[in-house]
Amino acid sequence: MKILICTGIFPPEQGGPATYSAGLGGELIKLGHEVRVITYSTPTLSPPYQGGDEEGVIRIARSAFKPWHYFKYFRAVKKNLSWADVVYAQDPVSAGYPTYLACKVRKKRYILKIVGDYSWEQAMGRRLTDKLLDDFQKLENYPRAIARMRQIQILVAKEARAIITPSAYLKRIVAGWGVKEGRIIVVYNGISKVAEIGREEARRELSMADGEFWILSVGRKVPWKGFELLEDVVREIQIDEPNIKLKILNFADRQTTDKFYRAADLFVLNTGYEGFSHTILEVMTAGLPVITTKIGGNPEVVKDGENGILVEYNNREQLKAAILKLYHDPELRARFVRNSSQIVQNFTFKKMIDQAEGVLKRCAS
């Protein structure tokens, strides 16, 4: 099978779609398929950049004038459609829209992956809304620029032959756009192993003192992550419990992140939106108990009272109580970790690849 993967970013650039596209492509090649990747690229940030094919990767240079690089992307997709048995776009706008246009010209269908609502993320980032994702879906009117993005992502979703989402929650969101549920397939993200470094070695390298209880939180510094309240809550707790410490990783290399996974005592994610948290799976694999919110896809992996604690987003008292409960109860922390070790077996990298390959085969022309 010849598979054309259309993505917005690809290694050496960092980000979820880059990691997923590279991992999926590599595994599909091992399974005997032929793979080509079309991606945007910034030459100064993504060497080696040759302006053309490099080992099956077609890089489209970004331009300050976005319509120009969208056109070049569209042209590259159209050129490769006659080669491909199946096309897999990794988002509904930056990669999905030019892919949709090219497929429309060539009368070919495509598979689409949706990991969130791009229009909502843009609205939040531009401070055009303060509503969380579920409430954002219910609005009747959107700011003009956001309305256009939303129209595009819904159009691209409706025209896809099949849509892959990484959670049942996101399947419900996409179905709310008017896409038939039967065309939306949940394929949970899989995880590879976290680096094998011992807890004591990791704590020593990170200069964590004996007796300190470290809380870890990880994520982009975006409005809905709730880091500010978490910092306030921990400062309040430290008045009586000075051994409790907090580390927030907004950006770190893989090696450093894995060290904190192994060294920390508790993971807390006070998030107002999570389509499906890859990070939660990683910390569960590393052996950390989890406190997170009842938002989005979180309840699909964290079962309240079974392998973690779920709280309301930005609820100060619930967050404080949950942290103190786990701080004072090492047996409960250990039980959560044991239960999580069983749950993560449902989210293996191999299972994700097998399910994605199955969807691609069914949709291949």
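Adding 1093 to a residue's 1-based position in the sequence shown gives its number in the numbering used here. Think of the CB as a built atom: it goes at the ideal place given N, C-alpha and C, for glycine as much as any other residue. All of these numbers come straight from a predicted model, not from anything done at the bench.
Starting from residue i and walking both ways along the alpha helix (DSSP H), at which residues does that stretch end?
{"i": "V1170", "result": "1159 to 1173"}
{"i": "T1066", "result": "Outside the shown range of the chain, which is 1094 to 1458, sits residue 1066, and nothing can be said about it."}
{"i": "L1453", "result": "1442 to 1456"}
{"i": "E1324", "result": "1320 to 1331"}
Roughly how many angstroms separate the alpha carbons of residue i and residue j, rounded to a whole number?
{"i": "G1145", "j": "I1153", "result": "Bear in mind that a pLDDT of 44 at G1145, under 50, signals an unreliable position, so the number given afterwards is only what the model happens to contain. Their Cα atoms are separated by approximately 8 Å."}
{"i": "A1255", "j": "E1410", "result": "43 Å"}
{"i": "L1453", "j": "Y1181", "result": "8 Å"}
{"i": "K1251", "j": "T1258", "result": "14 Å"}
{"i": "L1232", "j": "R1219", "result": "17 Å"}
{"i": "S1139", "j": "R1347", "result": "Low per-residue confidence applies at S1139: pLDDT is 49, beneath 50, and the placement is therefore not dependable, though the value from the model is reported in the following sentence. S1139 and R1347: Cα-Cα distance of roughly 18 Å."}
{"i": "I1207", "j": "D1303", "result": "44 Å"}
{"i": "Y1142", "j": "G1149", "result": "For Y1142, the predicted model reports a pLDDT of 41, less than 50, meaning its position is unreliable; a value from the coordinates is still stated below. In a straight line, the C-alpha of Y1142 is about 13 Å away from that of G1149."}
{"i": "G1368", "j": "L1226", "result": "10 Å"}
{"i": "P1335", "j": "L1417", "result": "12 Å"}
{"i": "W1270", "j": "V1376", "result": "33 Å"}
{"i": "M1242", "j": "R1428", "result": "45 Å"}
{"i": "V1272", "j": "S1300", "result": "51 Å"}
{"i": "L1221", "j": "P1236", "result": "7 Å"}
{"i": "H1126", "j": "P1104", "result": "20 Å"}
{"i": "N1343", "j": "K1200", "result": "43 Å"}
Near residue i, what residues of its chain come up, given a Cβ to Cβ distance below 7 Å and the 5 sequence neighbours on each side ignored?
{"i": "I1337", "result": "F1306, I1308, V1327, I1330, Q1331, Y1420"}
{"i": "A1195", "result": "F1167, V1170, K1171, L1174"}
{"i": "R1297", "result": "none"}
{"i": "E1324", "result": "L1339"}
{"i": "A1188", "result": "C1099, T1100, G1101, A1182"}
{"i": "I1432", "result": "What sits at residue 1432 in the sequence shown is Asn, not Ile. For N1432, where only same-chain residues beyond five positions count, the Cβ hits under 7 Å are E1399, N1400."}
{"i": "Q1215", "result": "I1239, M1242"}
Check residue i in the structure and name its three-state DSSP category.
{"i": "I1416", "result": "helix"}
{"i": "Y1366", "result": "coil"}
{"i": "G1108", "result": "coil"}
{"i": "R1152", "result": "strand"}
{"i": "F1306", "result": "strand"}
{"i": "T1372", "result": "helix"}
{"i": "A1268", "result": "helix"}
{"i": "S1139", "result": "Residue confidence for S1139 is low, a pLDDT of 49 falling below 50, so the modelled location carries little weight; the figure read from the coordinates is stated next. Note: S1139 maps to coil in three-state DSSP."}
{"i": "A1253", "result": "coil"}
{"i": "Y1281", "result": "coil"}
{"i": "L1299", "result": "coil"}
{"i": "L1232", "result": "coil"}
{"i": "F1429", "result": "helix"}
{"i": "E1410", "result": "helix"}
{"i": "I1102", "result": "coil"}
{"i": "L1124", "result": "coil"}
{"i": "S1260", "result": "coil"}
{"i": "G1145", "result": "Confidence is the limiting factor: at G1145 the pLDDT is only 44, short of 50, which leaves the residue's position unreliable, though a coordinate-based value still follows. Coil, per DSSP."}
{"i": "Y1113", "result": "helix"}
{"i": "R1129", "result": "strand"}
So, at 6 Å on beta carbons, what are the nonlocal neighbours of residue i in its own chain, with the 5 sequence-adjacent residues on each side left out?
{"i": "E1120", "result": "I1446"}
{"i": "I1102", "result": "G1108, P1110, A1111"}
{"i": "I1341", "result": "S1310, F1320"}
{"i": "S1156", "result": "H1162"}
{"i": "W1317", "result": "G1365, Y1366"}
{"i": "L1097", "result": "R1129, N1173, A1177, V1180"}
{"i": "Q1448", "result": "V1280"}
{"i": "Y1262", "result": "G1389, G1390"}
The beta strand (DSSP E) with residue i in it runs from where to where?
{"i": "T1385", "result": "1383 to 1386"}
{"i": "E1393", "result": "Unbroken run through E1393: none, as it is neither H nor E."}
{"i": "E1289", "result": "Careful: E1289 lies outside any beta strand (DSSP E) and carries neither H nor E."}
{"i": "G1401", "result": "1401 to 1404"}
{"i": "K1338", "result": "1337 to 1342"}
Enumerate in chain order the residues of its own chain whose CB-to-CB distance from residue i is below 8 Å, with the five nearest sequence positions on each side excluded.
{"i": "V1426", "result": "Just to set this straight, residue 1426 is Arg in the shown sequence, not Val. Within the same chain, R1426 has close Cβ partners D1358, L1359, P1382, L1419."}
{"i": "F1440", "result": "Y1281, N1282, G1283, I1284, L1374, V1394"}
Any heavy atom of the ligand COA closer than 7 Å to the beta-carbon of residue i?
{"i": "T1385", "result": "Ligands in the displayed structure: none, and consequently the ligand COA is not present."}
Handout entry: Start-end ranges of the beta strand (DSSP E) lying completely within the region 1173 to 1228, minimum 3 residues
Key = 1179 to 1182, 1204 to 1206
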